[in-house]
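Anchor point for the sequence shown: position 244 equals 244 in full-length UniProt numbering, and the numbering is continuous, going up by one each time.
Each residue gets a CB set at the ideal place from its N, CA and C atoms; glycine is no exception.
Since the structure is predicted, the reported quantities are computational estimates derived from the model, not experimental observations.
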Amino acid sequence: MRKALHQSLRMVLSASMLLAFAAPFTAHAAEKMEVYDSYANKNSNVQLYSVSQVEGNQFINAVIARQPDGTYSKWPEAFQHFRKYDSGNLQLTGMDDPEQAYVYDTQSQSIMRKSEYAISPDGRWGYLERSRYGWQPGDVPGRGYTAKFNDQYLRNTVTGKVSVYHSTQQYYNARWMNQHMLLENGYNEAAKQNVISTYDPSTGTRQELLKGTLNNLNLSKGLLQYVKNEPKRLPWIYNLKDGSSRLVKDTRELEALFPAPPSSRPEVSFPKDMALMDLPVTDMPITLTYEHNLNLDGKSVDVSTVFTKGGQEWIPVKPLAAALGWKIEVMNLSATGDPSAAYIYKITNGSKDTVLTPVNSFNSASRLYITPAQIKELGYKSIQVTPYLK
């Protein structure tokens with residue numbers, strides 16, 4: 001499991017977050033509060049709400065807290081909304097950046113900077129999707145385009161190893177079923193159409209179930225509702241137990257087998273004169289968490305993640321540079337004569353250096369990753385990667 005830094009950091013993300021208290025509620029004529037989600041802590045009796053409000057010509061989002069005594073406050077400006085994970089924790093920011101993803105841990109009642117994996121039913125695997133943008137060369141030399149990639153990560157909770165097991169520019173999603181089987185749906189490049197399949201991370205095997213698009217599922221009954229890749233898009237039902245398919249009888253059967261989930265928007269009554277702009281700001285502690293420790297010639301550095309992609313191990317540059325005094329220099333792209341290079345970084349450690357480009361490095365959410373071989377080019381002889389386990 002990730003190792004928590006044993007200290008709480010005060011929020012320093014923006015100057016606005018240092019404001020302690022604003023004017024009383026009567027300072028503004030506030031509009032009705034819209035509530036998107038809520039969470040109640042049974043131990044502390046503190047209630048959290050993800051809300052928005054129009055105040056004058058401003059549209060404000062915020063996370064507000066109601067204390068047991070009935071008083072309200074809001075979280076720092078950097079945290080303007082949340083949504084619930086299956087784990088019970090609250091997602092506060094996007095998960096694309098492994099070093100800047102913030103999660104409210106409901107057990108410790110604190111904000112953590114971490115990767116929130118969806119854990120398999122048997123607890124052996126964690127699944128996480130991140131998006132990134134990368135330069136793709138075009139048909140004409142020197143020309144290309146920026147493409148969006150969806151990378152799917154798997155973490156073995158027993159060994160602590162993390163890998164990108166699937167990456168695509170097309171539609172794709174996955175969710176756990178059974179003990180540690182991923183139910184996948186996405187565009188298959190070879191088949192040139194959408195495919196529903198299963199993937200077993202313990203064996204690395206993928207099995208196609210059928211060609212089509214998954215619309216709904218009822219795993220307790222072992223049923224999938226899908227449409228075939230044809231113009232009529234009729235609703236079909238697939239039985240996971242025996243592999244049979246049939247057309248849906250009518251709308252009533254569809255609603256009975258795949259009932260709509262209850263609305264997550266609660267009905268809440270706030271004070272009529274309450275304005276988000278005027279609520280006091282609550283100071284929230286933040287805890288850093290790490291997945292791996294690196295030891296370079298006896299020097300220890302904790303990092304947010306280390307992962308493999310295509311058999312190659314990737315290590316984040318920024319925390320190593322900060323801890324070990326590396327110099328990062330952005331080189332002039334025009335000097336290379338290759339405008340498709342997108343970026344060139346020169347990493348220097350004393351008299352040693354290495355140059356990173358899109359060809360020999362990995363870049364996700366503006367976070368640069370380096371290989372062990374490139375670290376050795378910087379003069380290090382011994383590189384040990386140790387995952388933090390629960």
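Identify whether residue i lies in helix, strand or coil by the three-state DSSP scheme.
i, result
"Val-359", "coil"
"Pro-137", "strand"
"Gln-91", "strand"
"Pro-259", "coil"
"Ile-375", "helix"
"Met-177", "strand"
"Arg-155", "strand"
"Thr-386", "strand"
"Arg-66", "strand"
"Leu-124", "Contrary to the premise, residue 124 reads as Arg rather than Leu in this sequence. Residue state, collapsed to three classes: coil."
"Glu-267", "coil"
"Arg-252", "helix"
"Ala-365", "coil"
"Met-112", "strand"
"Asp-97", "coil"
"Leu-288", "strand"
Quick one, are the C-beta atoms of residue i and residue j less than 7 Å apart?
i, j, result
"Ile-196", "Asn-178", "no"
"Gln-225", "Asn-215", "yes"
"Pro-201", "Trp-125", "yes"
"Asn-194", "Thr-213", "yes"
"His-166", "Ser-120", "no"
"Tyr-153", "Glu-116", "no"
"Leu-389", "Gly-160", "yes"
"Val-317", "Ile-237", "no"
Sorted by chain position, which residues of the same chain lie with C-beta nearer than 6 Å to residue i's C-beta, five sequence neighbours on each side aside?
i, result
"His-182", "Per the sequence shown, residue 182 should be read as Leu rather than His. So the qualifying residues of the chain are Ala-174, Tyr-199."
"Gln-384", "Asn-295"
"Arg-155", "Tyr-117, Gly-126, Val-162"
"Arg-113", "Tyr-102, Leu-288"
"Tyr-172", "Asn-150, Gly-186"
"Pro-387", "Gly-160, His-292"
Within a Cβ cutoff of 7 Å, which residues of the same chain sit near residue i, ignoring the five residues on either side of it in sequence?
i, result
"Lys-352", "Glu-377, Leu-378, Gly-379"
"Phe-258", "Asn-216, Asn-218, Gln-225"
"residue 443", "Because the chain in this structure spans residues 1 to 390, residue 443 falls outside the shown range and cannot be described."
"Leu-365", "Rather than Leu, the amino acid found at residue 365 in this sequence is Ala. Only Asp-96, Asp-97, Arg-132 meet the Cβ criterion."
Within the same chain, show all residues whose beta-carbon is closer than 8 Å to that of residue i, passing over the 5 residues directly before and after it, in chain order.
i, result
"Gly-123", "Thr-157"
"Ser-144", "With the sequence shown as reference, residue 144 is identified as Gly, and Ser is not the correct amino acid for it. Closer than 8 Å at the Cβ level, and outside the excluded window around Gly-144, lie Trp-135, Gln-136, Pro-137, Gly-138, Ser-340."
"Leu-324", "Leu-296, Lys-299, Val-301, Asn-349"
"Glu-34", "Val-51, Ser-52, Gln-53"
"Gln-47", "Ser-38, Tyr-39, Ala-40, Asn-41, Ala-65, Arg-66"
Establish whether the CB of residue i and some CB of chain B are separated by less than 7 Å.
i, result
"Lys-299", "Included in the structure is just one protein chain, with no chain B present."
| Are at least three pairs of beta-carbons, each pair with one atom in the region 285 to 295 and one in the region 51 to 66, less than 8 Å apart? | no
| message | Report the start-end ranges of each beta strand (DSSP E) in the region 200 to 224 that is 3 residues or longer and not cut off at the edges. | response | 205 to 211, 213 to 218
| Between the region 300 to 319 and the region 98 to 115, do at least 3 Cβ pairs fall closer than 8 Å? | yes
| alpha helix (DSSP H) segments (min. 4 residues) lying fully within the region 306 to 349 | 317 to 324
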